[in-house]
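Since the structure comes first, as structure tokens, the remarks are kept for the end.
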RNA sequence: GGCGGGUUGCCCGAGCGGCCAAUGGGAGGGGACUGUAAAUCCCCCGGCUCUGCCUUCGAAGGUUCAAAUCCUUCACCCGCCA
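In our numbering, the protein residues as written are 22 to 452.
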């Protein structure tokens with residue numbers, strides 16, 4: 022090993038700590054010692070939706086930091102556990118998803134996860150795994166004799182994810198068993214790949230340590246756990262959620278424009294924490310940004326950097342560039358009439374939009390806004406006008422029955438609808 | 001299997017025959033102030049062909065001039081007993 026690599030590995034835990042990315046670990050000194058050599062570690066993600074969201078990104082990027090430091094990452098997708106449902110962090114029973122649906126989600130999520138890790142490097146390429154591969158073939162008898170025998174129900178009941186549910190509406194046997202399945206994964210990867218570290222969100226602590234117990238009982242082996250804190254926001258609302266739901270990585274589910282805007286609109290009080298969590302900038306770069314941010318938060322330099330870096334990472338640098346230019350063009354400062362058609366077209370491409378035919382009588386502003394899907398109903402659109410939050414090409418819409426005219430279309434083609442300060446949509450006029 | 005309690009709008013939760021599109025809180029939305037922040041204050045928050053009309057209070061029937069509110073059946077959830 023080169024001395025450079027050695028430095029990197031020694032710095033890893035320190036760097037994670039500084040970034041606030043460690044909630045809990047098993048014996049930290051022992052972990053630090055083990056990390057002096059490349060180790061194999063894994064992160065599991067269950068397919069509970071067709072896409073992962075920004076919350077899933079937190080431990081995923083920690084995995085990336087481990088790979089950059091020379092360790093061997095295994096990304097596990099929960100083809101089996103996703104069929105069962107993790108009770109952790111939930112106060113009610115999940116509804117079961119259809120097997121074929123979960124299988125589709127597994128494939129989509131694999132694809133998404135793979136973007137964040139290097140599978141090609143000769144040193145320590147990332148590996149993908151699916152726990153369905155070893156869970157599905159196992160018989161009930163094997164499960165009960167070889168695995169179940171190592172679990173004490175008393176201990177299982179004491180896990181927070183179970184006990185909190187027992188105090189409320191109860192828990193099914195299915196979800197109660199979840200911790201056993203996840204433990205089997207860790208055991209399997211320990212045996213197969215000498216995987217000795219599992220990473221997860223802090224709600225996974227119970228499931229991970231259950232795995233450590235299983236490894237000890239079944240193999241007499243020892244391994245580590247490292248959890249990442251649940252990311253919180255200063256205003257107490259959930260990280261990664263907007264009015265419309267989660268912020269997804271799939272561009273069909275959350276447009277890159279909306280993705281960029283999510284970060285750009287971060288609370289001042291959160292932005293540095295987010296940068297530490299997600300950014301691959303160096304410590305000194307981040308400290309410099311933090312200084313500039315506290316001197317002049319209104320300039321939003323840190324916000325902008327965060328939005329750029331993450332949109333580049335998740336989508337692409339080209340897309341990041343495009344949505345930023347679009348936002349600049351559309352956000353008020355510039356006179357819309359002065360934008361050339363190409364700029365306008367590419368900016369509008371990022372927005373929710375609808376089309377109207379120039380043959381027909383042009384609809385009202387209310388009808389059009391509803392058609393773009395920015396509001397749920399025409400009543401909602403009317404309310405916006407009534408409350409004077411409605412704009413057409415940055416000019417206030419005067420009345421509920423305000424109808425568009427041909428002259429409103431910039432370059433003869435596009436009209437920009439706005440609801441409130443920052444919710445934009447577009448109308449395209451087609452012949 | 002028996003007995004009891006419950007199922008109300010995005011969430012929590014009042015209402016318990018007419019005054020109910022349904023109190024209150026949270027979330028969400030618009031405005032003012034700002035910086036496409038936060039906090040604060042004001043307003044809104046089922047739908048529509050919108051001074052009126054239509055559809056909602058687990059589902060389906062019924063009683064009544066009138067039901068979220070009463071009755072019947074069904075479904076699901078929770079508790080206690082077997």
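Every residue gets a Cβ at the ideal spot worked out from N, C-alpha and C, and that includes glycine.
Note that the structure is predicted; figures quoted are calculated from it, not measured.
Do residue j and residue i have their beta-carbon atoms positioned less than 8 Å apart in this structure?
i, j, result
"residue 63", "residue 219", "yes"
"residue 425", "residue 383", "yes"
"residue 281", "residue 328", "yes"
"residue 372", "residue 436", "no"
"residue 71", "residue 115", "no"
"residue 236", "residue 199", "no"
"residue 251", "residue 223", "yes"
"residue 348", "residue 367", "no"
"residue 249", "residue 44", "yes"
"residue 186", "residue 108", "yes"
"residue 190", "residue 113", "yes"
"residue 244", "residue 263", "no"
"residue 127", "residue 98", "yes"
"residue 183", "residue 278", "no"
"residue 421", "residue 407", "yes"
"residue 320", "residue 333", "no"
Which term fits residue i, buried or exposed, when burial requires 16 or more other beta carbons within 10 angstroms of its beta carbon?
i, result
"residue 137", "buried"
"residue 57", "exposed"
"residue 310", "buried"
"residue 227", "buried"
"residue 335", "buried"
"residue 338", "exposed"
"residue 48", "exposed"
"residue 211", "buried"
"residue 283", "buried"
"residue 60", "buried"
Who are the Cβ neighbours of residue i in its own chain at under 6 Å, not counting the five residues just before and after it?
i, result
"residue 441", "410"
"residue 314", "323"
"residue 76", "261"
"residue 20", "One cannot answer for residue 20 here, as it falls past the ends of the chain, which runs 22 to 452."
"residue 269", "72, 74, 275"
"residue 414", "357, 437"
"residue 196", "106, 108"
"residue 362", "432"
"residue 271", "72"
Can you give me the C-alpha to C-alpha distance between residue i and residue j, rounded to a whole angstrom?
i, j, result
"residue 150", "residue 387", "50 Å"
"residue 160", "residue 153", "13 Å"
"residue 416", "residue 428", "14 Å"
"residue 431", "residue 358", "6 Å"
"residue 86", "residue 95", "13 Å"
"residue 34", "residue 92", "13 Å"
"residue 157", "residue 101", "7 Å"
"residue 79", "residue 204", "22 Å"
"residue 404", "residue 370", "27 Å"
"residue 83", "residue 294", "15 Å"
"residue 209", "residue 233", "12 Å"
"residue 176", "residue 395", "49 Å"
"residue 305", "residue 117", "47 Å"
"residue 291", "residue 297", "10 Å"
"residue 46", "residue 391", "50 Å"
"residue 125", "residue 389", "35 Å"
"residue 318", "residue 325", "11 Å"
"residue 178", "residue 110", "15 Å"
"residue 180", "residue 201", "12 Å"
Who are the near neighbours of residue i in its chain, counting only those whose CB is closer than 8 Å to its CB and skipping five residues on each side?
i, result
"residue 380", "452"
"residue 192", "108, 114, 183, 186"
"residue 418", "386, 406, 411, 412"
Between residue i and residue j, how many whole angstroms is the CB-CB distance? I'm expecting something under 8 Å.
i, j, result
"residue 351", "residue 285", "Going by Cβ atoms, the distance from residue 351 to residue 285 rounds to 13 Å, so no, they are not a contact pair."
"residue 288", "residue 254", "6 Å"
"residue 229", "residue 221", "6 Å"
"residue 238", "residue 171", "4 Å"
"residue 165", "residue 66", "Not confirmed; about 27 Å, so no contact."
"residue 385", "residue 423", "6 Å"
Here's a check: name, in chain order, each residue in its chain whose Cβ is nearer than 7 Å to the Cβ of residue i, leaving out the five neighbours to either side.
i, result
"residue 88", "94, 138, 139, 145, 147"
"residue 449", "374, 376, 434, 435"
"residue 267", "74, 261"
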